[in-house]
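Here the structure comes first, spelled out in structure tokens, and everything after it is commentary.
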Amino acid sequence: MSKEFEAENISLGSWEKYFKIQLFKEIDSTNSELIRRGNAMSPLLNEDGTLTENGGIFNNTLVAAESQTSGHGRLGRFFYSPSLTGAYFSFSVVKEGGIKNPAMFTVTSAVGVCRAIKKLFGASCSIKWVNDIFCCGKKVCGILTEGIVNSSKGIVEAAVVGIGINLVVKNDFPEELRKKAGGISTAEFLSEKKISSQKLIFCCLDEITEILNSGENIIPEYKSLSFLLGKELDVLPVIGQEQSFKAKALDITDDAGLLVELADGTKKVLHSGEVTLHSFLG
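Printed below as a string of structure tokens:
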């Protein structure tokens, strides 16, 4: 484990029983780092779907960084990740038989992050389907789930879940970002309560792993945190479509899809990676 990014007020001992942890002062992207490692270690699954030795090693690997130079979100969008302002981390999951629905890792992580923020900061968050978390009308967190694909077997062997949370937004943030991005706290609060980015990271992991290990159905809670349901949406073009269209968000399905009603009354389920949704919050 790199000693460049030291933990404060946190014991990593118990977590190192469950995660292989590496902390960086600076990195291009925590997700990119895990994707590189996973691809280099593939195959992660045997022919019968069980984990290979490398699969067991790669499973439950955590990479966290104080800053990222090339942090990214869905559709390759840049995620601004300056030092001393946020929590940036990624973890890997290798499952027997492969990853069937990567979107479930996104919604599970979103609920876990909301729980952690409530626990540490007393702040209530809402979710913009499928991967953005808002607080006080501004985006404070983005989540990106990517897969390690074994093309010869045609399966996703592992999921890599990246989470970026803004603790504070400083004046040196680009002006365009300051209009949309918010922080979940203030520098004064963080100092007074001795809450570090690593404390937030491990609180998030507490909540997320508890959900994953228990098999809890978090869709009802995810629905309750969504601010899209009942709203009119602009849906961006998907593959094979040239124009955006309007739709009303009706429900979240059990597999984390967004059920919408189009202008002509027909209904359609939208899935992560196919569309970009713009809410009234922008």
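Counting in full-length UniProt numbering, the sequence shown runs from 1 upward without gaps. For glycine and all other residues, C-beta sits at the position ideal for the given N, C-alpha and C. In this text, all values refer to a predicted model and were calculated from it rather than measured experimentally.
Beta-carbon proximity list for residue i, same chain, < 6 Å, skipping 5 on both sides
| i | result |
| --- | --- |
| residue 168 | 85, 183, 187 |
| residue 104 | 256 |
| residue 63 | 22, 30, 33, 34, 90 |
| residue 126 | 134, 225, 227 |
For residue j and residue i, the rounded distance between their alpha carbons
| i | j | result |
| --- | --- | --- |
| residue 268 | residue 232 | 14 Å |
| residue 176 | residue 144 | 21 Å |
| residue 58 | residue 92 | 7 Å |
| residue 285 | residue 134 | Lying outside 1 to 282, the shown extent of the chain, residue 285 is not represented and no answer is given. |
| residue 228 | residue 197 | 29 Å |
| residue 42 | residue 132 | 30 Å |
| residue 212 | residue 159 | 13 Å |
| residue 80 | residue 201 | 18 Å |
Buried or exposed by the 16-neighbour rule on C-beta atoms within 10 Å, applied to residue i
| i | result |
| --- | --- |
| residue 255 | exposed |
| residue 157 | buried |
| residue 9 | Confidence at residue 9 is low in this model, with a pLDDT of 40, below 50, so its placement is unreliable and no value can be given for it. |
| residue 283 | There is no way to answer for residue 283, as the model of the chain reaches only from 1 to 282. |
| residue 199 | buried |
| residue 146 | buried |
| residue 174 | exposed |
Whether residue i touches residue j by CB criterion (8 Å)
| i | j | result |
| --- | --- | --- |
| residue 19 | residue 61 | yes |
| residue 52 | residue 96 | no |
| residue 210 | residue 111 | no |
| residue 142 | residue 164 | yes |
| residue 181 | residue 139 | yes |
Below-8 Å beta-carbon distance, residue i vs any chain B residue
| i | result |
| --- | --- |
| residue 179 | The chain inventory of the structure shown lacks chain B, comprising one protein chain alone. |
Residues near residue i in its chain [Cβ-Cβ closer than 7 Å; skip 5 each side]
| i | result |
| --- | --- |
| residue 154 | none |
| residue 82 | 67 |
| residue 208 | 108, 109, 112 |
First and last residue of the uninterrupted beta strand (DSSP E) at residue i
| i | result |
| --- | --- |
| residue 256 | Per DSSP, residue 256 belongs to no beta strand (DSSP E) and is neither H nor E. |
| residue 139 | 138 to 150 |
| residue 158 | 155 to 166 |
| residue 88 | 86 to 94 |
Close Cβ partners of residue i (< 8 Å) along its chain, the five nearest in sequence each way excluded
| i | result |
| --- | --- |
| residue 244 | 234, 235, 236, 237 |
| residue 203 | 116, 119, 120 |
Bounding residues of the alpha helix (DSSP H) (the contiguous stretch that carries residue i)
| i | result |
| --- | --- |
| residue 193 | 187 to 193 |
| residue 207 | 197 to 214 |
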